[in-house]
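These protein sequences, in sequence, are chains Y and S.
Heads up, the first sequence is in this note's numbering, so the first residue is 5 and it goes up one at a time.
Heads up, the second sequence is in this note's numbering, so the first residue is 5 and it goes up one at a time.
Scroll down for the structure; my scribbles are underneath it.
Number of protein chains: 2
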Amino acid sequence: MARIVQKYGGTSVADLSRIRNVARRVAKTCQEGNEVVVVVSAMAGETDRLIQLAQQINDNPDLREYDALISTGEQVSVALLALTLQSMGIPAKSFLGLQVRILTDSAFSRARIRKVEVKRLLKELRAGGVPVVAGFQGVDEDGNVTTLGRGGSDTTGVALATALKADVCEIYTDVEGVYTTDPNICPEARKRSRISYDEMMEMASLGAKVLQIRSVEFAKKYNVPIHVRSSFSDKNGTFVTKEDERMERVLVSGVTYSKNEARITVVRVPDKPGIASRIFTPISDANIVVDMIIQNSSADGHTDMTFTVPKADFKKALKLVKKAAEEIKAQEVLADENIAKVSIVGAGMRNHAGVASKMFTALAKENINIMMISTSEIKISCVIDAKYGELAARVLHRAFGLEKGEIRKEP
Amino acid sequence: MARIVQKYGGTSVADLSRIRNVARRVAKTCQEGNEVVVVVSAMAGETDRLIQLAQQINDNPDLREYDALISTGEQVSVALLALTLQSMGIPAKSFLGLQVRILTDSAFSRARIRKVEVKRLLKELRAGGVPVVAGFQGVDEDGNVTTLGRGGSDTTGVALATALKADVCEIYTDVEGVYTTDPNICPEARKRSRISYDEMMEMASLGAKVLQIRSVEFAKKYNVPIHVRSSFSDKNGTFVTKEDERMERVLVSGVTYSKNEARITVVRVPDKPGIASRIFTPISDANIVVDMIIQNSSADGHTDMTFTVPKADFKKALKLVKKAAEEIKAQEVLADENIAKVSIVGAGMRNHAGVASKMFTALAKENINIMMISTSEIKISCVIDAKYGELAARVLHRAFGLEKGEIRKEP
Chain Y
5 MARIVQKYGG TSVADLSRIR NVARRVAKTC QEGNEVVVVV SAMAGETDRL
55 IQLAQQINDN PDLREYDALI STGEQVSVAL LALTLQSMGI PAKSFLGLQV
105 RILTDSAFSR ARIRKVEVKR LLKELRAGGV PVVAGFQGVD EDGNVTTLGR
155 GGSDTTGVAL ATALKADVCE IYTDVEGVYT TDPNICPEAR KRSRISYDEM
205 MEMASLGAKV LQIRSVEFAK KYNVPIHVRS SFSDKNGTFV TKEDERMERV
255 LVSGVTYSKN EARITVVRVP DKPGIASRIF TPISDANIVV DMIIQNSSAD
305 GHTDMTFTVP KADFKKALKL VKKAAEEIKA QEVLADENIA KVSIVGAGMR
355 NHAGVASKMF TALAKENINI MMISTSEIKI SCVIDAKYGE LAARVLHRAF
405 GLEKGEIRKE P
Chain S
5 MARIVQKYGG TSVADLSRIR NVARRVAKTC QEGNEVVVVV SAMAGETDRL
55 IQLAQQINDN PDLREYDALI STGEQVSVAL LALTLQSMGI PAKSFLGLQV
105 RILTDSAFSR ARIRKVEVKR LLKELRAGGV PVVAGFQGVD EDGNVTTLGR
155 GGSDTTGVAL ATALKADVCE IYTDVEGVYT TDPNICPEAR KRSRISYDEM
205 MEMASLGAKV LQIRSVEFAK KYNVPIHVRS SFSDKNGTFV TKEDERMERV
255 LVSGVTYSKN EARITVVRVP DKPGIASRIF TPISDANIVV DMIIQNSSAD
305 GHTDMTFTVP KADFKKALKL VKKAAEEIKA QEVLADENIA KVSIVGAGMR
355 NHAGVASKMF TALAKENINI MMISTSEIKI SCVIDAKYGE LAARVLHRAF
405 GLEKGEIRKE P
């Protein structure tokens, strides 16, 4: 008997027939003698519908109300799934974030989980019940409803798995697992059978949409195995676990690309101590995450500073930067929304030289100009013109031989 | 300066433009120097949509999950109204039942309010804010979400007005107030300017849909004036207050009719002590409210027992009664869903004879057969064939001169 947390995404509960499909899978897992806790997202499209309602009222809605509004999507789906499970004879019960309770900070719309109380859920499990928990939502110390940001239900799943000491957190989605790159743009993409937490985090932060990055951080910290798999198939998907010897044989394990960022350049910034802080403090105060930052080498006491921000925050960031640029007497601010970020990820890169040059060569062969470069121990990202994004991903996938089949063995 | 609770029904917040209309009215009341607490129902149609989803899964859904599901409608509308008020510069904040908190018993789908905590709301008011509270919902001692039954937002409004010691509870709806009868079936119907709590309770329990009966009980108990009015007009509506001398001059103040009940007859029940209890205990255990009960005078040790139940509970009740009838060896059970109940209501009836005979005569003149009669101090109800329901209402309206204009003076 295992204790399993199963998280189902919005496409898996998009309508009543899919909810029945999920319920059958939950029932089967129970019948096999496991303890199951289910986490559900809102029905596909519902969160977007609610966001649109809010934005019709106010472009920049108060985030406390925004969270109260969009958290209703999950409340609907947990109740519907619990009712469906009951109709199959499974004693299910729905729980909201604040009923569990999943305590978060008060950063509305991107709250972080501080603590998960599991007393109530353990009581259900001991009584043979199946708790169905609303993903994506929590409650702060003052009793306000909070949400965890896009993909936050993944984090709910992993946080529950951690707190409940579950054997595995199964993340059900509409794809079969984690691929070497996006199969929609590269038909040669292959499903990975295993991937390390670190690789998965890089993949997630670089645009692979399969898991919210925070959920992987959580899983790594507490060493909870994640199994990413399809709710429409019985095949194994991809296991996300800590790195082990079976993973060492690949140099590059995935290629990602993303068009979700925009680039801002502050031209001729006086090169004095404290200047970077004048530019970036207002941005960080506005809760905007800056990704890549490049500073040219200084010439005649001035430098250019280029960085990327999420497209969703672009307008807000640009306004703040323009104000800062004026104050510090920079020459001008340039902006570019037509960029793509293409990246290669692989734990094996740690011990191998020549990976970067191989990447740059492959792109150069296609005449793709590299605007920015950023690296970590296990990834290299390049910002390029948006129109080359898909081509670059395919080229790199081929250059690193990712189409050649899984080298690793199944666990 | 007054403290005002304003409750807006589903049709008043049916879409974003109507929500703006509500927000303007709230803003105006604030600008006139009043403290305002707003209570909102779900957007029209939303609760029905959610109920249908639940019923597609299970005809007889678990009521805990049902409440968790349908309470989301109000959660959406409070957030949208709060956002709209904020966009007009009014510092509004939404509150769920469990955030206020509105403590109820655990009778899911028809919970009763036990206690309203107003600390959080008073804090908002003192800070110059406008709390926007979700109607219809509460929370039980175990933290489960509960709902108060159809029209429950009225009760939320009055309960808040009571707990906050508000000067008035304004109930905004899509009609101009309380009418002498349903204007849709009787063009001569007139709007009442004042009505007593007792009359209003009878009207509400007899089918006038303008207020949930429990809200009037609450208002009477704590003497909170209710002002029923239209959210689409600035005219005064109907004040529901305690009885006073201005109300004594009318004999009959309203005619109601309803087709929401069904009739069940148990034929040839052995006339022994304890038999009625054998029939009605299972029904009451199933939380079904029996309205009228008639027992024929006994012949040869047997009697017939006839009673009415809400149509929504009819099938369930019939099943229970058939089982009981078998056990107590009654001859058979008859059922009739094609009935209407037509009633006259008036505080003035207390001191006048001849009202009943006038009613029966008026119906007889139209050849309308009376199947059951029930009376209270201030009302007389007759069950008749459903097809005569509207005709009977018009006939009685005319018979008691209700078309002749308001006798009472405005307050």
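Heads up, the beta-carbon is just placed ideally off N, CA and C, and yes, glycines get one too.
- By the Cβ test, the stretch 155-174 of chain Y is in contact with the stretch 5-23 of chain Y, since at least three Cβ pairs between them sit closer than 8 Å.
- Excluding its 5 nearest sequence neighbours in each direction, residue 321(S) has C-beta neighbours in its own chain below 7 Å: 268, 287, 292 and 313, listed in chain order.
- Sequence-ordered contacts of the stretch 253-275 of chain S with chain Y are nonexistent [C-beta pairs closer than 7 Å].
- Taking a Cβ-Cβ threshold of 9 Å, the residues of chain S close to residue 62(Y) are 87, 88, 90 and 91, in chain order.
- Inclusion of residue 42(Y) and residue 134(Y) in the CB contact set at 8 Å is warranted, their separation being smaller than that value.
- Within the stretch 136-158 of chain Y, those residues whose Cβ lies closer than 8 Å to any Cβ of chain S are, in chain order, 147, 148 and 149.
- Chain order gives the chain S residues near residue 57(Y) as 20, 80 and 84, where near means a beta carbon separation below 8 Å.
- When CB distances to chain S are screened at a threshold of 9 Å, not a single residue of the stretch 276-301 of chain Y falls below it.
- At a beta-carbon threshold of 7 Å, the residues of chain S lying near residue 69(Y) are 83, 86, 87 and 98, ordered along the chain.
- In the DSSP assignment, the residues bridged to residue 98(Y) are 136(Y).
- Of the candidates 338(S), 155(S), 128(S) and 115(S), the residue whose Cα lies closest to the Cα of residue 168(S) is 128(S).
- Put simply, of 144(S), 226(S) and 281(S) the residue whose alpha carbon is nearest the alpha carbon of residue 201(S) is 226(S).
- An exposed status is given to residue 338(Y), since fewer than 16 other beta-carbon atoms sit within 10 Å of its beta-carbon.
- DSSP places residue 322(Y) within a helical segment (H, G or I) once states are collapsed to three.
- Taking a contact as a CB-CB distance under 8 Å, the pair residue 44(Y) and residue 85(Y) counts as one, their CB atoms being some 6 Å apart.
- Residue pairing by DSSP places residue 274(S) opposite 306(S) in a beta bridge.
- Residue 239(S) carries a coil assignment under DSSP once its states are collapsed to helix, strand and coil.
- Membership of residue 41(Y) in any alpha helix (DSSP H) is not indicated; the residue belongs instead to the beta strand (DSSP E) covering 39-44.
- For residue 406(S), there is no enclosing alpha helix (DSSP H), since its DSSP letter is neither H nor E.
- Distance from the CA of residue 240(S) to the CA of residue 233(S), rounded to the nearest whole angstrom, comes to 6 Å.
- When only Cα atoms are considered, residue 397(S) and residue 404(S) end up about 11 Å apart.
- The three-state secondary structure of residue 244(Y), taken from DSSP, is strand.
- Straight across, the Cα-Cα distance linking residue 118(Y) with residue 229(Y) is about 20 Å.
- Only exposed fits residue 305(S), as fewer than 16 other CB atoms lie within 10 angstroms of its CB.
- Counting only the Cα atoms, residue 271(S) lies some 41 Å from residue 94(Y).
- For residue 73(Y), the chain S residues whose C-beta falls within less than 8 Å of its own C-beta are 79, 80, 83, 84 and 87, listed in chain order.
- Between residue 52(Y) and chain S, the shortest Cβ-Cβ separation is not below 8 Å.
- Beta-bridge analysis with DSSP links residue 108(Y) to 117(Y).
- A residue is called buried once 16 or more other Cβ atoms fall within 10 Å of its Cβ, and residue 144(S) is buried on that count.
- The stretch 18-35 of chain S makes contact with the stretch 89-105 of chain S, as at least three CB pairs between them are under 8 Å.
- Rounded to whole angstroms, the Cβ separation of residue 176(Y) and residue 194(Y) is 20 Å, and the two are not in contact under 8 Å.
- Excluding residues up to 5 positions away in sequence, 180 lie with their Cβ nearer than 8 Å to the Cβ of residue 237(S) in the same chain.
- Contact between the stretch 136-153 of chain S and the stretch 97-112 of chain S is present, with at least three C-beta pairs closer than 8 Å.
- Near chain S, meaning a CB-to-CB distance below 7 Å, no residue of the stretch 175-205 of chain Y qualifies.
- Looking from the CA of residue 204(Y), the closest CA among 381(Y), 349(Y) and 20(Y) belongs to 349(Y).
- Residue 109(Y) has a beta carbon lying at 8 Å or more from every beta carbon in chain S.
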